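Student: Under my numbering, the final residue of the sequence shown carries the number 1117; numbering is consecutive throughout.
Note that the Cβ used here is the ideal one computed from N, Cα and C, for glycine as well.
A quick note: this is a predicted structure, and the numbers were derived from the prediction, not measured.
Take a look at this one; I'll ask things after.
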Amino acid sequence: MQSGGASEHPSASRTAGPACETVGMFATLHTSAGDIRIELFPNHAPRTVENFVGLANGSKPWTDPATGEQRTDALYSNLVFHRVIDGFMIQGGDPLGTGRGGPGYTFDDEIHPELAFSEPYLLAMANAGKRMDPTTGKVGGTNGSQFFISVAPTTWLNGKHTIFGKVADDESRAVVDAIATAPTRPGDRPVQDIVLQSVSIED
């Protein structure tokens, strides 16, 4: 991942949903497999949603992990879904496309008691667990730009990953399912690249 090179992987070792009202904020993930419309949860994960929106529309600066260049364009542009596991989740948001890249910064989890991985089709942050900052000695989260969408209940992830949205309609769920069932090579990467072309935000 962006800090120290650890990969951001939700664990697939075992097999929720928002029980709350949210404001009407939506994101559409435009992918090579079709559009995925997401209802975002800014009331329950405000910093995470702000980060996602900023990386989607280019309003949040980020550091290219390949070049070290500071950038102000959209990070979520022409990125592959680098990890796809049928019956578990699809993962993207890495500018390197390897599972080890990010935006050059990290931030803490926002775990909300009303949100749980008790149903499929939830949007959540991928991370590399908690880490100690060597300069401050404080332990913090490792969220950056990578995210995943679950395709099954994944209750063992409760308390470990920030949920900040859910897939909004049947058509979008069908696109997620199509990506999740794509043929993969070793390492869970699709044989044929599935690309997140852009993300548009409506609120």
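(1) Where does Leu-993 sit, in a helix, a strand or coil, going by DSSP?
(2) Excluding the 5 residues preceding and the 5 following Pro-1017 in the sequence, name in chain order all residues of the same chain whose CB lies nearer than 7 Å to its CB.
(3) Which residue from Ala-980, Phe-995, Thr-962, Lys-974 puts its Cα closest to that of Val-1090?
(4) Using beta-carbon positions only, say whether Ile-1093 and Ala-947 come within less than 8 Å of one another.
(5) In whole angstroms, what is the alpha-carbon distance linking Ala-1096 and Val-998?
(6) Could you compute how far the alpha carbon of Cys-934 sits from the alpha carbon of Glu-1028?
(7) Pull up the distance between the alpha-carbon of Gln-1106 and that of Asn-992, whole angstroms please.
(8) Look at the Cβ atom of Gly-1079, then the Cβ atom of Leu-1037, and state whether they are nearer than 8 Å.
(9) With distances taken Cα to Cα, identify the nearest neighbour of Met-1003 among Phe-966, Phe-1031, Asn-965.
(10) Where do the ends of the alpha helix (DSSP H) carrying Ser-1086 lie?
(11) Go through its chain and collect everything with a Cβ distance to Ser-1064's Cβ below 6 Å, but skip five positions before and after it.
Tutor: If we stick to the structure as given:
(1) The residue given as residue 993 occupies position 79 in the sequence shown. In the three-state scheme derived from DSSP, where H, G and I count as helix and E and B as strand, Leu-993 is classed as strand.
(2) By 1-based counting over the sequence shown, the position of residue 1017 is 103. Cβ within range, chain order: Gln-916, Leu-969, Trp-976, Thr-977, Leu-989, Gly-1058, Ser-1059.
(3) Sequence index remark: in the sequence shown, residue 1090 carries index 176 (1-based). Sorting Ala-980, Phe-995, Thr-962, Lys-974 by C-alpha distance to the C-alpha of Val-1090 places Phe-995 at the top.
(4) On the sequence shown, position 179 is the one that residue 1093 refers to. On the sequence shown, position 33 is the one that residue 947 refers to. Yes, the pair counts as a contact, with Cβ atoms nearer than the cut-off.
(5) Along the sequence shown, read from residue 1 onward, the residue named residue 1096 stands at position 182. Along the sequence shown, read from residue 1 onward, the residue named residue 998 stands at position 84. One C-alpha to the other measures close to 8 Å.
(6) If you number the sequence shown from 1, residue 934 lands on position 20. If you number the sequence shown from 1, residue 1028 lands on position 114. Note that Cys-934 scores a pLDDT of 40, beneath 50, so its modelled location is shaky; the value from the coordinates is reported in the next line. Linking Cys-934 to Glu-1028 through their CA atoms gives a straight-line distance of about 7 Å.
(7) Within the sequence shown, the letter at position 192 stands for residue 1106. Within the sequence shown, the letter at position 78 stands for residue 992. Answer to the nearest angstrom: the Cα atoms are 14 Å apart.
(8) By one-based count along the sequence shown, residue 1079 stands at place 165. By one-based count along the sequence shown, residue 1037 stands at place 123. Result yes, Cβ atoms of Gly-1079 and Leu-1037 sit closer than 8 Å.
(9) Start at 1 with the first residue of the sequence shown, and residue 1003 comes out as number 89. Out of Phe-966, Phe-1031, Asn-965, Phe-1031 has the C-alpha closest to the C-alpha of Met-1003.
(10) Here residue 1086 is taken as the residue at index 172 of the sequence shown, counted from 1. Its alpha helix (DSSP H) spans residues 1084-1094.
(11) The residue you call residue 1064 lines up with position 150 of the sequence shown. Excluding sequence neighbours, Ser-1064 sits near Met-1003, Pro-1034, Leu-1036.
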